[in-house]
Amino acid sequence: MRHYTPFDQLVMSADTALRTLFGEPVVTERHYPAADITDYDFSDNDRKHIAGLMRVNHSGEVSAQALYQGQSLTSKNKEIKDKLQQAALEENDHLAWTKNRLNELGSHSSLLNPLWYGGSFAIGAFAGAIGDKWNLGFLAETENQVVKHLESHLNMLPGGDLRSRAILEQMKEDEQKHATTAIDHGAAELPPPVKTLMAAMSKVMTSSAYYI
Ligand SMILES: [Fe+2]
Ligand SMILES: [Fe+2]
290 MRHYTPFDQL VMSADTALRT LFGEPVVTER HYPAADITDY DFSDNDRKHI AGLMRVNHSG
350 EVSAQALYQG QSLTSKNKEI KDKLQQAALE ENDHLAWTKN RLNELGSHSS LLNPLWYGGS
410 FAIGAFAGAI GDKWNLGFLA ETENQVVKHL ESHLNMLPGG DLRSRAILEQ MKEDEQKHAT
470 TAIDHGAAEL PPPVKTLMAA MSKVMTSSAY YI
């Protein structure tokens, strides 16, 4: 097994950041969940609304990628680092799928993504540094909040949009699995004020990424 110096890790982090924001993320071989579903002929308003929702989800995945990268950079536990890297790959699938859907809808990703990436990376690095049980606790809470958020988006999608629905359903399943993995590895329950703060921060992101 190769040993990476801090400098190697820094270069790899920069590479992941640039790929996440501007390039082609490294993905797994999974099937695009919407591939076999015929698209619907949406009204302009519906199309705009769906693009807004998918832009929020894409930004969420940009943040997830940054969190995982930050957490795995500072975590000292090899097993947890491996789990984080595996989950980061699955988040890249989500990133690619939501971007793909935005392209299909003729829309763009959030212009604020570099901001979400930077902020989330710093938060992730902090969580990774304060110890495994808090690191995992933070991860579990993030994923639980994402699951709730995806449920709300599934309710907000127009009925005809089976393609976006298939993508979000698969993402929800994966996020639930990420939360369970974190809990199985000893995640601590975060104090309620921290959970509230996290929810407030994601609210800022979700309400701006819908438009910008
Ligand atoms: Fe995700
Ligand atoms: Fe996740």
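For the sequence shown, the working numbering gives the first residue as 290, with consecutive numbering after it. Where a beta carbon is used, it is the ideal one built from N, C-alpha and C, also for glycine. It should be emphasised that the depicted structure is a prediction, and the values quoted were computed from it without experimental measurement.
Query raised in the report: Would the C-beta of residue 438 count as close to ligand 1, meaning under 7 Å from any of its heavy atoms?
Result: In the sequence shown, the residue the question calls residue 438 occupies position 149. Not so, every heavy atom of ligand 1 lies at least 7 Å from the Cβ.
Query - Segments of 4+ residues assigned as alpha helix (DSSP H) that fall wholly inside the segment 404-472 - result: 421-445
**Report entry** Beta-carbon spacing of residue 454, residue 439 below 8 Å
**Finding:** Along the sequence shown, read from residue 1 onward, the residue named residue 454 stands at position 165. Along the sequence shown, read from residue 1 onward, the residue named residue 439 stands at position 150. For residue 454 and residue 439, no; Cβs fall outside 8 Å.
Query raised in the report: Going by C-alpha distance, which of 497, 475, 435 is nearest residue 484?
Result: Within the sequence shown, residue 484 is the residue found at index 195, counting from 1. Residue 484 has its Cα closest to that of 435, out of 497, 475, 435.
Query raised in the report: Residues near ligand 2, CB to any non-hydrogen atom under 7 Å, in chain order?
Result: 353, 376, 379, 380, 432, 435, 463, 464, 467
**Report entry** Sequence-distant residues of its chain with Cβ nearer than 8 Å to residue 488 (five each side left out)
**Finding:** Counting from 1 along the sequence shown, the entry for residue 488 is found at position 199. These residues qualify, in order along the chain: 434.
**Report entry** Backbone secondary structure at residue 365 - three-state DSSP
**Finding:** In the sequence shown, the residue the question calls residue 365 occupies position 76. Of the three classes helix, strand and coil, the one that applies to residue 365 here is coil, per DSSP.
Query - Where residue 319 falls, given that 16 or more other Cβ within 10 Å makes a residue buried - result: By 1-based counting over the sequence shown, the position of residue 319 is 30. The residue is exposed, with fewer than 16 neighbouring Cβ atoms inside 10 Å.
Requested in this report: Say yes only if the C-beta of residue 430 is nearer than 7 Å to one or more non-hydrogen atoms of ligand 1, and no if none qualify.
Outcome: Position 141 of the sequence shown, counted from the start, is the residue given in the question as residue 430. No.
Query raised in the report: Does the segment 327-340 come close enough to the segment 404-412 to have 3 or more Cβ pairs within less than 8 Å?
Result: no
**Report entry** residue 469 burial status per 10 Å Cβ neighbour count (16 or more: buried)
**Finding:** What you label residue 469 is simply residue 180 of the sequence shown in a count that begins at 1. The residue is exposed, with fewer than 16 neighbouring Cβ atoms inside 10 Å.
Query raised in the report: Is DSSP giving residue 393 helix, strand or coil here?
Result: Working through the sequence shown from its first residue, we reach residue 393 at position 104. Helix at residue 393.
Query raised in the report: Say the cut is 7 Å; is the CB of residue 368 nearer than that to a heavy atom of ligand 1?
Result: Start at 1 with the first residue of the sequence shown, and residue 368 comes out as number 79. Residue 368 Cβ: outside cutoff for every heavy atom of ligand 1.
Query raised in the report: Using a Cβ-Cβ cut-off of 8 Å (strictly less than) and excluding sequence neighbours within five positions of residue 496, which residues of its own chain qualify?
Result: The residue you call residue 496 lines up with position 207 of the sequence shown. Cβ neighbours of residue 496 beyond the five flanking positions: none.
Query raised in the report: ligand 1 heavy atoms versus the CB of residue 383: any closer than 7 Å?
Result: In the sequence shown, counting from the first residue as 1, residue 383 sits at position 94. Under cutoff, so the answer is yes.
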